[in-house]
Amino acid sequence: MKIFVYRTLVEYYAKHSDAKSALEDWYSKTKEAEWTCFSDIKKTFNAVDSAGNRRYVFNIKGNNYRLVAIVLFVPRHVYVRFIGTHSEYDKIDCSTI
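Using the working numbering, you'd call the opening residue of the sequence shown number 4 and step up by one each time.
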């Protein structure tokens, strides 16, 4: 999968260093993935939920953080839309972010 934008991950873990290894792990697994449907994502990341509107919520670092991404199975693109703590996540609308 092609991930847009890696810089978002780097900027986040520059401020939250405890998330670095977990975000780098998510990035490397996602980059190598060849997802065609939600069940493929589940095979890679058991802790992922569909939020509707092509958005998926990933639990990061033992559920300390949440990452919301738009996944377009064709053309194999992933757009990082949000990274934050649970309390920050509770303040957003996943279906529109």
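From the three backbone atoms N, C-alpha and C, an ideal C-beta is built for every residue, glycine too.
By the Cβ test, the region 83-90 is not in contact with the region 43-55, since fewer than three Cβ pairs between them sit closer than 8 Å. Bounds of the alpha helix (DSSP H) holding Thr11 are Tyr9 to Lys18.
When DSSP states are grouped into helix, strand and coil, Ser90 belongs to the helix group. When the Cα atoms are used, Gly65 and Ala25 turn out to be separated by approximately 9 Å. Take the alpha-carbon of Trp29 and the one of Asp96: they are about 22 Å apart. Residue pairing by DSSP places Leu75 opposite His80 in a beta bridge. Assigned with DSSP and collapsed to three states, Ile6 falls in strand. Counting every other CB atom within 10 Å of its CB across the protein chains shown gives Arg58 a total of 16 or more, marking it as buried.
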